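A.B. asks:
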Amino acid sequence: MTTIARRGSYGVDAPYVLFGLACGAVGFVFAGIGTAMGPGPLFAAVFYLLAAVMAVSFVLYLNATRRGKFQTWAEILDELGLRGDERLLDLGCGRGAVLLMAAERLTTGRAVGVDLWRTVDQSGNAIDVTERNSVAEGVGDRVELRTGDMTALPFGDTEFDVIVSNLAIHNIKSAEGRARAIDEAVRVLKPGGRLVIADIVATAGYQRRLTELGVADVRVRSLGPRMWWGGPWMGTRLVSATKPAEPGS
Ligand SMILES: C[S@@+](CC[C@H](N)C(=O)[O-])C[C@H]1O[C@@H](n2cnc3c(N)ncnc32)[C@H](O)[C@@H]1O
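Just so we're aligned: the sequence shown equals residues 422 to 670 in the numbering used here.
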């Protein structure tokens, strides 16, 4: 298993989910104890089983947010085989988990992160936290941060060679909004540029929209247990695609 040493501080994704799983596990243990003294051991066993499921979900979620996503994205970024001179955009970069690993693979290129810095989506989310992380990881000179909405990106057309995004687009509530984020990603991507999106839900919609936009080679694959957000019912899929090169180029 790949070990990823990080010097920055990256918080926890959707912290209320982790808190809910911990509360659920403890609550079911107490329910089991209470039931064992009342209605009987069969009910108690059911509560203890539910507590165990919640506890396992908690551990899987914690692993995904603190370790699994770093290990998985290190591999995805290696597979991209960056030259080092690319201009790369991370949609919903948060505290920089993916953005800064991408920056480590650049030399003359730049890693640009755009985000609304929502703390409900990631604990301690803030532009200055990401800035500090970029310095801690030794890539501050290669990173640019912008406050902006994925559905109306503050960039011109065809500015980027590569676009990445991890667990961010699903936070847009409407299907139209998510489709707009895909449209925007394709707009700011250069012809021949690559797009890699990891997400827990709505990936079929991203695939469909990319295909409608004429983007080539759209592929979807599962990222496996390291990115199970509580269990296999909340796994992560990776959508990858290439924007067609302009005719004659
Ligand atoms: C679960 S966090 C993931 C952050 C980062 N990609 C990572 O893997 O650590 C989702 C991120 O998406 C951002 N986000 C949500 N909706 C957004 C939008 N409409 N435009 C830009 N960023 C958004 C949140 O602020 C948050 O930083």
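Ideal Cβ positions, reconstructed from N, Cα and C, are used throughout, including at glycine.
Because the structure is a prediction, the values reported are computed rather than measured.
So, with DSSP's three-state summary, where would you put Ser586?
C.D. replies: On the sequence shown, position 165 is the one that residue 586 refers to. Three-state result, Ser586: strand.
A.B. asks: Whole angstroms is fine: what's the gap from Val477's alpha carbon to Leu470's?
C.D. replies: Numbered from 1 along the sequence shown, position 56 holds the residue referred to as residue 477. Numbered from 1 along the sequence shown, position 49 holds the residue referred to as residue 470. If you take the alpha carbons of Val477 and Leu470, they lie about 11 Å apart.
A.B. asks: Beta carbon of Val607, beta carbon of Leu588: below 9 Å?
C.D. replies: Here residue 607 is taken as the residue at index 186 of the sequence shown, counted from 1. Here residue 588 is taken as the residue at index 167 of the sequence shown, counted from 1. Going by C-beta atoms, Val607 is not nearer than 9 Å to Leu588.
A.B. asks: Run through DSSP, which three-state label would Ile618 get?
C.D. replies: Numbered from its first residue, the sequence shown carries residue 618 at position 197. Ile618: strand per DSSP, three-state reduction.
A.B. asks: Is the beta carbon of Arg539 within less than 8 Å of some heavy atom of ligand 1?
C.D. replies: Locating residue 539 in the sequence shown gives position 118, counting from the first residue. Answer for Arg539: yes, Cβ within range of ligand 1.
A.B. asks: Using 9 Å as the limit for Cβ to Cβ distance, is Glu525 near chain B?
C.D. replies: Among the chains of the structure shown, chain B does not appear; only one protein chain is present.
A.B. asks: In angstroms, rounded to a whole number, what distance separates the CA positions of Arg615 and Arg640?
C.D. replies: Looking up residue 615 in the sequence shown gives position 194. Looking up residue 640 in the sequence shown gives position 219. Roughly 12 Å separates the two Cα atoms.
A.B. asks: Are the Cβ atoms of Ser555 and Gly429 separated by less than 9 Å?
C.D. replies: Residue 555 sits at position 134 when you count from the first residue of the sequence shown. Residue 429 sits at position 8 when you count from the first residue of the sequence shown. For Ser555 and Gly429, yes; Cβs fall inside 9 Å.
A.B. asks: So, is Glu667 buried or exposed, given that buried needs 16 or more other C-beta atoms within 10 angstroms?
C.D. replies: If you number the sequence shown from 1, residue 667 lands on position 246. Burial call: exposed.
A.B. asks: Based on Cα-Cα distance, which residue from Thr551, Met648, Thr572, Val467 lies nearest to Glu565?
C.D. replies: To locate residue 565, count along the sequence shown from 1; it is residue 144. For the residues Thr551, Met648, Thr572, Val467, the minimum Cα distance to Glu565 belongs to Thr551.
A.B. asks: Given the structure, does Asp511 come close to ligand 1, in the sense that its CB is under 8 Å from one of the ligand's heavy atoms?
C.D. replies: Counting from one through the sequence shown, the residue named residue 511 turns up at place 90. Yes, ligand 1 has a heavy atom inside 8 Å of this Cβ.
A.B. asks: Taking the alpha helix (DSSP H) that Glu580 belongs to, which residues open and close that run?
C.D. replies: Position 159 of the sequence shown, counted from the first residue, corresponds to residue 580. That residue, Glu580, is in no alpha helix (DSSP H); it is neither H nor E in DSSP.
A.B. asks: Tell me whether Met648 counts as near ligand 1, meaning its Cβ is closer than 8 Å to at least one heavy atom of that ligand.
C.D. replies: Looking up residue 648 in the sequence shown gives position 227. Answer for Met648: no, Cβ out of range of ligand 1.
A.B. asks: Exposed or buried, what is Ser661 when buried is set at 16 or more other beta-carbons lying within 10 Å of its beta-carbon?
C.D. replies: In the sequence shown, counting from the first residue as 1, residue 661 sits at position 240. Buried, by the Cβ-count rule.
A.B. asks: Please report the residue range of the alpha helix (DSSP H) in which Ala532 lies.
C.D. replies: Counting from 1 along the sequence shown, the entry for residue 532 is found at position 111. Careful: Ala532 lies outside any alpha helix (DSSP H), inside the beta strand (DSSP E) at 531-536.
A.B. asks: Roughly how many whole angstroms lie between the Cα atoms of Asn592 and Asp542?
C.D. replies: Locating residue 592 in the sequence shown gives position 171, where the first residue counts as 1. Locating residue 542 in the sequence shown gives position 121, where the first residue counts as 1. Taking the straight line joining both Cα atoms gives about 8 Å.
A.B. asks: May I ask you to verify whether the segment 595-614 touches the segment 523-535, counting CB pairs closer than 8 Å and requiring at least 3?
C.D. replies: In short, these stretches do not touch, since the Cβ pair count stays below three.
A.B. asks: Short of 7 Å in beta carbon distance, which residues of its chain neighbour Met475, apart from the five on each side in sequence? Order them along the chain.
C.D. replies: In the sequence shown, counting from the first residue as 1, residue 475 sits at position 54. Contacts found: Leu442, Gly445, Ala446, Phe449.
A.B. asks: Measuring from the CB of Ser555, is there a heavy atom of ligand 1 at a distance below 8 Å?
C.D. replies: Position 134 of the sequence shown, counted from the start, is the residue given in the question as residue 555. No, the Cβ of Ser555 stays beyond 8 Å of every heavy atom of ligand 1.
A.B. asks: I'd like the span of the beta strand (DSSP E) that includes Leu503, first residue to last.
C.D. replies: Position 82 of the sequence shown, counted from the first residue, corresponds to residue 503. Neither: Leu503 is in no beta strand (DSSP E) and is coded neither H nor E.
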